[in-house]
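Mapped onto my numbering, the consecutive letters of the sequence shown carry residue numbers 46 to 278.
Below is one structure, written out as structure tokens; the observations come after it.
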Amino acid sequence: MKRLSILILVFAITFAFFIITPGLLNKPFTPFPQLKIADVLDLFTPIVLVPLYYLLIYFGSNQAPSLKSTIVFLVFAVLWVEGQSMHLAANSIGHWLSELTGDWIYEVTYFYDEVFSHYIWHLGVVTLSALLIYRSRKYSFTDRSSRLLVESIAGIIYGFTIFIMGIEGGTVPLLFSFSVLAAITSLIIGWGKFKHLPLLTFFLVGYALSALMFTGWGIYWGSFPQFSHLGWI
46 MKRLSILILV FAITFAFFII TPGLLNKPFT PFPQLKIADV LDLFTPIVLV PLYYLLIYFG
106 SNQAPSLKST IVFLVFAVLW VEGQSMHLAA NSIGHWLSEL TGDWIYEVTY FYDEVFSHYI
166 WHLGVVTLSA LLIYRSRKYS FTDRSSRLLV ESIAGIIYGF TIFIMGIEGG TVPLLFSFSV
226 LAAITSLIIG WGKFKHLPLL TFFLVGYALS ALMFTGWGIY WGSFPQFSHL GWI
């Protein structure tokens, strides 16, 4: 159980790093200045995170994934990778099209960068989360338990990251609604058994926090403005 707790924390920290850090690395990549450092870092995002997702599938419950579960995982992972890679390419190209605002080339690139790719990518995030929640509860660790401290800390990191993804990615309708649904569902199906459900507890804390943060943000601003639109990044 300790191994799973550490894995959950590693996943949360790594997820936060690859989601948040690229937005802060806007300097040119010296060997090829047409790219930004963020573009290069983003190349490694699916390479690192998708295997971590699979480790959570494999170790996050009391039963190894069946062929059916593996196929479902692969479908959801493809959504994740397709959206992220689409965003990476369109975003990198879009940096050089600001003077073409209003032109169809700019509009198509913007659509792939800021709308379509984000929703496909974040749909992959929520479907993988749903699969992990389902397997965690169905195949719970009835003979082992966790103190849940590490999982709770990891959940806080994850929830904060999901909030940032939704706000800056413009996918609040998807991530806010899923956060509420996932938090309520996790609370109901895990009630009284959380010590045997470390992965479920992680997602409960994470999505409950992101739901609260989305709510607070919406109340404070009266809408859901992106950080970049506020001039914060």
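For each residue, glycine too, the CB sits at the ideal point set by N, CA and C.
Source: prediction; values computed, not measured.
Query - Straight-line Cα distance separating F63 from L101 - result: Straight across, the Cα-Cα distance linking L101 with F63 is about 17 angstroms.
Requested in this report: Go through its chain and collect everything with a Cβ distance to S106's Cβ below 6 angstroms, but skip five positions before and after it.
Outcome: The beta carbon of S106 sits closer than 6 angstroms to the beta carbons of R180, S181 and Y184 from its chain, once the five residues preceding and following it are set aside; these are given in chain order.
Report task. Verify whether the separation of the beta carbon atoms of Y155 and F60 is less than 8 angstroms. Result -> Not closer than 8 angstroms, so no.
Query - H274 versus W149: straight-line alpha-carbon distance, rounded - result: One C-alpha to the other measures close to 23 angstroms.
Query raised in the report: What is the residue span of the alpha helix (DSSP H) that L232 lies within?
Result: Segment V217 to G235, the alpha helix (DSSP H) holding L232.
Query - Proximal residues to I165 (C-beta, below 8 angstroms), its chain only, five neighbours per side dropped - result: Here the set comprises L124, E127, G128 and M131.
Requested in this report: Use the C-beta contact count for G26: other C-beta atoms within 10 angstroms, 16 or more gives buried, fewer gives exposed.
Outcome: Nothing about residue 26 can be read from this structure; the chain reaches only from 46 to 278.
**Report entry** Between the CA atoms of F77 and H140 - distance to the nearest angstrom
**Finding:** C-alpha separation (whole angstroms): 14 angstroms.
Query - Supposed close pair V250, S197 - CB separation, criterion 8 angstroms - result: With 8 angstroms as the limit, V250 and S197 qualify as a contact, their Cβ atoms being about 5 angstroms apart.
Query - Cβ separation of S224 and A256, assumed to be a contact under 8 angstroms, to the nearest whole Å - result: Taking a contact as a CB-CB distance under 8 angstroms, the pair S224 and A256 counts as one, their CB atoms being some 4 angstroms apart.
Query raised in the report: For Y98 versus L49, is the C-beta distance shorter than 8 angstroms?
Result: No, they are not a contact pair.
Query raised in the report: What whole-angstrom Cβ distance do P67 and D87 have, given they're in contact under 8 angstroms?
Result: The pair is a contact, with the Cβ atoms about 5 angstroms apart (cut-off 8 angstroms).
Query raised in the report: H163 and T216: beta carbons closer than 8 angstroms?
Result: A Cβ-Cβ contact shorter than 8 angstroms links H163 with T216.
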